[in-house]
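Trainee: Quick one: the structure is below, questions incoming.
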Amino acid sequence: MSSQAAPAPASARARAHPEYAVELEGVTFAYDRRLVLTGITMAVPRGGVVGIMGGSGCGKTTILRLIGGELQPKSGRVLVAGQSVPDLDRDELYLMRRELGMLFQFGALFTDMSVYENVAFTLREHTDLTEELIRDLVLMKLHAVGLRGAARLMPSELSGGMARRVALARAIALDPMLVMYDEPFAGLDPISLGIVGQLIRRSSDALGITSLVVTHDIYESLKIVDYLYFVSAGKIIAQGTPDEVRASKDAFVRQFVDGAPDGPVPFHYPAAPYRSEILSRA
Amino acid sequence: MLNAVGSGFLSVLRRMGSRTVTIIAWLGYVTRFAAAVVQQSPAALSRLSLTLREIYFSGVLSLVIILVSGLFVGMVLALQGYDVLQRYGAAESLGVLVALSLVRELGPVVSGLLFASRAGSAITAEIGLMKATEQLSAMEMMAVDPLARVVAPRFWGGIISMPLLAALFSTLGIFGAYLVGVKLIGIDAGAFWSNMQAGVDFRYDIVNGIIKSIVFGVAVSMLAVFEGYDAKPTAEGVSTATTRTVVESSLAILGLDFVLTVFMFRGVG
Amino acid sequence: MNLNRSALDLWVGVFVALGIGAILFLALKVGNLIDFASAPGYRLEARFDNIGGLKARAPVKAAGVVVGRVESIKLDSATYQAVVTLRIEPGYQFTKDTIASILTSGLLGDVYIGLDPGGDPQMLADGGTVSKTQSGIVLEKLIGQFLFDKAAQGGAPK
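Following this line, the structure appears as structure tokens:
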């Protein structure tokens, strides 16, 4: 069922760099002897929106952490714009991360700074721009997510959806090549869901940003992604374009798309046979 | 039967052994962390505004509790000291007694314990909470080292604040003793101060006291930032970490105090 | 907790100033930093048969006024006498026939060295020796002496 996604749009950066923003080949990861990921192979073309779907705790966020260099794979290759991430030393890793943006699950805004200062953070840390220029950039990014008027607020004064959008503005402050989204739709009201989805899609189309979205919201993902990977128990068990996914006959994909309680992902947590437990007093 | 005893003994040994290995591994981890923090310190100190902010949060906000406690400790010392000294007609030595007790021991130790409970636990909670809400990870992913930006300023803020707080504690204590001894009880003010001046040596007592408070500052600040950084990213994890900071800091202060006192005040009298 | 920069700087400045002030207070008013930091003064030597309870850093007084400190106490292994080095503040001169005695301030007080100048027109210079000394009182010897005298007195009429 696997097929190539649409070719990357021609932007200046795309020409200078390899065709794929991210490539994983046969990646395995273990945490304390417990295998979390096995044989993960995926490719994210430049400028596209790729989704990683799966149930909770199946290792989706671990993939993002491997790409960002927070974790080291046990085996396999992790490439970002052609560079092997585990082989980078600390300074090189930090340089690479400037090309990355990450949206954490609940925003992870710095609570002791205002919205403005949160977005200005990377600009202040990594560039020598004057305060006026930074101000213009910050207001532009906030405008892109529709929150320019909230610049003076503190994170504690924001709703969940607003915090998520500010975090998005912060993630794209340096115009990164790749933005990773960790559960961007979790816990949002329908309006915010639509907004966030649109922002992800539009930042890709307008700015040529490659987006990697980890989520379990099948409905929203099908609306915005070019390609989808399904992960279960640490393995990729299905992949395809949204149309292929909707038409798929694969049992796992069907259970996910239809939201059925039982199927390849079982409803019951492993336990002794029901009859014997109920009657065990005898 | 011998087999059972033997294997039971072996399993106890094995458990003790693995616990020891765990403790040694933990010590190694703490040392590596400490080295990393020290390595990032120049970057943190060059961003003076960050460190100043932390001096405010650890030092200035601890002023009230330190000053009030110092005052009361001094007053109580004076009361108790007078009670004993006047039996031997040595009431005029009250100043020396209080000053030496405070400058050598109570100043650094008690202010260290108070600092650990107030500022140390606050630092741990703050860093732990930032870890739990993924702010530290976010910073890492934005290519900013959280050790340099979050941890080191708090570490140095604590080290700078501690000796200042200890000196303020001792000063307020002496003032409290003056209030009780001279104003309340009626000891001669001149004798109070002159005996004190004669009995307290700058290099021997005061400088040693300052050295103690700096050592305590390093210990408490390092433990506080470490426990915060190492906390489990849950509400329970943060609360456990704060408790550990206070307990470990208190034990460290008392233990280091003993070691330092032995070295500094050897052969007193 | 959004503290503006100037308020923060102000409070930190106040805190650091208070702290340093406390340290200075302790050093000057409580300790003896003035003595420590003031001009060194000149040295005199005095030999005693017994220094009693004299310790280093004990005060040296003349007419009850502190004029210096005991710098060091050593034993001369040839004569088995205690060699005490005194550091006298500049501005105080003592005659060559000054007597240095080891005294106690009060019954349980601190031991100090008292200087009693004589009438000699010549003054002691840096490195000079106080030739006339009076050793410290050792309480046990005093009591022993007292008992001995008492015993001798009691036995005399016989």
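Here the protein sequences line up with chains R, Y and P, keeping their order. Counting from 1 along the first sequence, just add 49 to a position and that's the residue number in our numbering. Counted from 1, the second sequence has number 55 at position 69 by our numbering; the numbering is strictly sequential. Counting from 1 along the third sequence, just add 476 to a position and that's the residue number in our numbering. Backbone N, C-alpha and C define an ideal beta-carbon position, used for all residues, glycine too.
1) Does any CB atom of chain Y fall closer than 8 Å to the CB of Ala538 of chain P?
2) Quick one: what does DSSP say Tyr230 of chain R is sitting in, helix, strand or coil?
3) Near Pro122 of chain R, what residues of its chain come up, given a Cβ to Cβ distance below 7 Å and the 5 sequence neighbours on each side ignored?
4) Just to confirm the assignment, what range does the beta strand (DSSP E) spanning Thr259 of chain R have?
5) Would you say Ala222 of chain R and Ala157 of chain R are within 8 Å of each other, going by their C-beta atoms?
6) Mapping DSSP to helix, strand and coil, what is Arg83 of chain R?
7) Could you tell me which whole alpha helix (DSSP H) segments of length 4 or greater appear in the stretch 91 to 166 of chain Y?
8) When you compare only the Cα positions, how much space is there between Leu256 of chain R and Gln247 of chain R?
9) Assuming Leu65 of chain Y and Gly159 of chain Y make a contact with CB atoms under 8 Å, what is their CB distance in whole Å?
10) Is it right to say Arg135 of chain Y is buried, meaning 16 or more other beta carbons lie within 10 angstroms of its own, or is it exposed?
11) Using only the alpha-carbon positions, how far apart do Pro322 of chain R and Ser281 of chain R sit?
12) Inspect the CB distances between the stretch 229 to 242 of chain Y and the stretch 104 to 121 of chain Y and report whether three or more fall short of 8 Å.
13) For chain R, is any of its Cβ atoms less than 8 Å away from the one on Gln26 of chain Y?
14) Count the C-beta pairs between the stretch 484 to 502 of chain P and the stretch 530 to 546 of chain P that are closer than 8 Å, then say yes if the count reaches three, no if not.
15) Answer yes or no: does any C-beta atom of chain P fall closer than 8 Å to that of Tyr215 of chain Y?
16) Considering only C-alpha positions, which residue in the set Y:Ser27, Y:Arg140, Y:Met128 and Y:Ala21 is nearest to Arg256 of chain Y?
17) Among the residues of its own chain, which have a CB less than 8 Å from the CB of Ala513 of chain P, if the five just before and after it don't count?
18) Output, in sequence order along the chain, the residues in the stretch 591 to 611 of chain P whose CB is closer than 8 Å to any CB in chain Y.
19) Between Val262 of chain R and Leu277 of chain R, what straight-line distance do the alpha-carbon atoms span, to the nearest angstrom?
20) What residues of chain P sit near Val96 of chain Y, judged by a beta carbon separation below 9 Å?
21) Ile575 of chain P and Gln610 of chain P: beta carbons closer than 8 Å?
22) What does Arg519 of chain P pair with, by DSSP beta-bridge criteria?
23) Ordered along the chain, which non-local residues of its own chain (more than five positions away) have a Cβ less than 8 Å from that of Pro225 of chain R?
24) Compute the distance between the beta-carbons of Ile578 of chain P and Ile527 of chain P, then report whether it is under 8 Å.
25) When DSSP labels each residue in this structure, what does Val274 of chain R get in the three-state scheme?
26) Please report whether the beta-carbon of Ser123 of chain Y lies at a distance below 8 Å from any beta-carbon of chain R.
27) Identify every residue that forms a DSSP beta bridge with Ala538 of chain P.
28) Is Ala130 of chain R closer than 8 Å to Val93 of chain R when the C-beta atoms are compared?
29) Leu133 of chain Y: which of Y:Phe212, Y:Val166, Y:Ala118 and Y:Leu63 sits nearest, CA to CA?
30) Using a Cβ-Cβ distance cut-off of 8 Å, determine whether Thr119 of chain Y contacts chain R.
31) With 16 other CB atoms within 10 Å as the buried threshold, where does Arg219 of chain R fall?
32) Which bits of chain Y does Arg83 of chain R rub up against, with CB to CB less than 9 Å?
33) If contact means a Cβ-Cβ distance below 7 Å, which residues of the stretch 32 to 49 of chain Y contact chain P?
34) Could you compute how far the alpha carbon of Ile240 of chain R sits from the alpha carbon of Val302 of chain R?
35) Can you tell me which residues form a DSSP beta bridge with Pro259 of chain Y?
Mentor: Reading it off the structure:
1) Here residue 538 of chain P corresponds to residue number 62 of the third sequence, with the count starting at 1. Chain Y, which has no Cβ nearer than 8 Å to the Cβ of Ala538 of chain P, makes this no.
2) Here residue 230 of chain R is taken as the residue at index 181 of the first sequence, counted from 1. It is a strand residue.
3) What you label residue 122 of chain R is simply residue 73 of the first sequence in a count that begins at 1. The residues are Val76, Thr77, Phe78, Leu115 and Pro135.
4) Position 210 of the first sequence holds residue 259 of chain R. Run containing Thr259 of chain R: Thr259 to Thr264, per the beta strand (DSSP E) assignment.
5) Position 173 of the first sequence, counted from the start, is the residue given in the question as residue 222 of chain R. Position 108 of the first sequence, counted from the start, is the residue given in the question as residue 157 of chain R. Contact flag unset, no.
6) Taking the first residue of the first sequence as 1, we reach residue 83 of chain R at position 34. DSSP places Arg83 of chain R in strand when its eight states are reduced to three.
7) If we require 4 residues or more, the alpha helix (DSSP H) runs fully inside the stretch 91 to 166 of chain Y come out as 93 to 101, 107 to 118, 121 to 127 and 138 to 164.
8) Working through the first sequence from its first residue, we reach residue 256 of chain R at position 207. Working through the first sequence from its first residue, we reach residue 247 of chain R at position 198. Whole-angstrom Cα-Cα distance: 13 Å.
9) Within the second sequence, numbered from 1, the residue matching residue 65 of chain Y stands at position 79. Within the second sequence, numbered from 1, the residue matching residue 159 of chain Y stands at position 173. The Cβ separation is near 13 Å, so there is no contact.
10) Counting from one through the second sequence, the residue named residue 135 of chain Y turns up at place 149. With 16 or more Cβ atoms within 10 Å of its Cβ, Arg135 of chain Y is classed as buried.
11) Stepping through the first sequence from its first residue, residue 322 of chain R is reached at position 273. Stepping through the first sequence from its first residue, residue 281 of chain R is reached at position 232. If you take the alpha carbons of Pro322 of chain R and Ser281 of chain R, they lie about 25 Å apart.
12) Contact holds: three or more Cβ-Cβ distances are below 8 Å.
13) For the purposes of this step, residue 26 of chain Y is taken as the residue at position 40 of the second sequence. No, its Cβ sits nowhere closer than 8 Å to a Cβ of chain R.
14) Segment contact: the stretch 484 to 502 of chain P against the stretch 530 to 546 of chain P, fewer than three CB-CB distances shorter than 8 Å; contact not assigned.
15) Here the question's residue 215 of chain Y lines up with position 229 in the second sequence. Closer than 8 Å: no.
16) Past the edges of chain Y, shown from -13 to 255, lies residue 256 of chain Y, and the structure says nothing about it.
17) By 1-based counting over the third sequence, the position of residue 513 of chain P is 37. The predicted position of Ala513 of chain P is uncertain, since its pLDDT is 48 and thus under 50; no value can be drawn from it.
18) none
19) As a working note, residue 262 of chain R is residue 213 in the first sequence. As a working note, residue 277 of chain R is residue 228 in the first sequence. Rounded to the nearest angstrom, the two C-alpha atoms are 9 Å apart.
20) Taking the first residue of the second sequence as position 1, residue 96 of chain Y is located at position 110. Residues of chain P passing the Cβ test: none, with the nearest at roughly 15 Å.
21) For the purposes of this step, residue 575 of chain P is taken as the residue at position 99 of the third sequence. For the purposes of this step, residue 610 of chain P is taken as the residue at position 134 of the third sequence. Yes, these two residues count as a Cβ contact at 8 Å.
22) As a first step, residue 519 of chain P must be located in the third sequence, where it is residue number 43. Answer is P:Arg563, bridged to Arg519 of chain P.
23) Stepping through the first sequence from its first residue, residue 225 of chain R is reached at position 176. Contacts found: Arg147, Glu148, Leu149, Gly150 and Ile258.
24) For the purposes of this step, residue 578 of chain P is taken as the residue at position 102 of the third sequence. For the purposes of this step, residue 527 of chain P is taken as the residue at position 51 of the third sequence. Yes.
25) Counting from one through the first sequence, the residue named residue 274 of chain R turns up at place 225. Under the three-state reduction of DSSP, Val274 of chain R is assigned to coil, being neither helix nor strand.
26) Translated into the one-based positions of the second sequence, residue 123 of chain Y becomes position 137. So, interface residue.
27) One-based indexing of the third sequence puts residue 538 of chain P at position 62. Paired residues: P:Val541.
28) Taking the first sequence and counting its residues from 1, the one referred to as residue 93 of chain R is at position 44. Taking the first sequence and counting its residues from 1, the one referred to as residue 130 of chain R is at position 81. No, they are not a contact pair.
29) Working through the second sequence from its first residue, we reach residue 133 of chain Y at position 147. Of the listed residues, the one whose Cα sits closest to Leu133 of chain Y is Y:Phe212.
30) Here residue 119 of chain Y refers to the residue found at position 133 when the second sequence is read from its first residue. Yes, Thr119 of chain Y counts as interfacial toward chain R.
31) Position 170 of the first sequence, counted from the first residue, corresponds to residue 219 of chain R. Buried, since its Cβ has 16 or more Cβ neighbours within 10 Å.
32) Counting from one through the first sequence, the residue named residue 83 of chain R turns up at place 34. None at all; the shortest Cβ gap to chain Y is about 17 Å.
33) Leu38, Arg39, Ile41, Tyr42, Gly45, Val46 and Leu49
34) Taking the first residue of the first sequence as position 1, residue 240 of chain R is located at position 191. Taking the first residue of the first sequence as position 1, residue 302 of chain R is located at position 253. Using only the alpha carbons, I get a separation of about 27 Å.
35) The structure shown does not extend to residue 259 of chain Y, since chain Y is modelled only from -13 to 255, so the question has no answer here.
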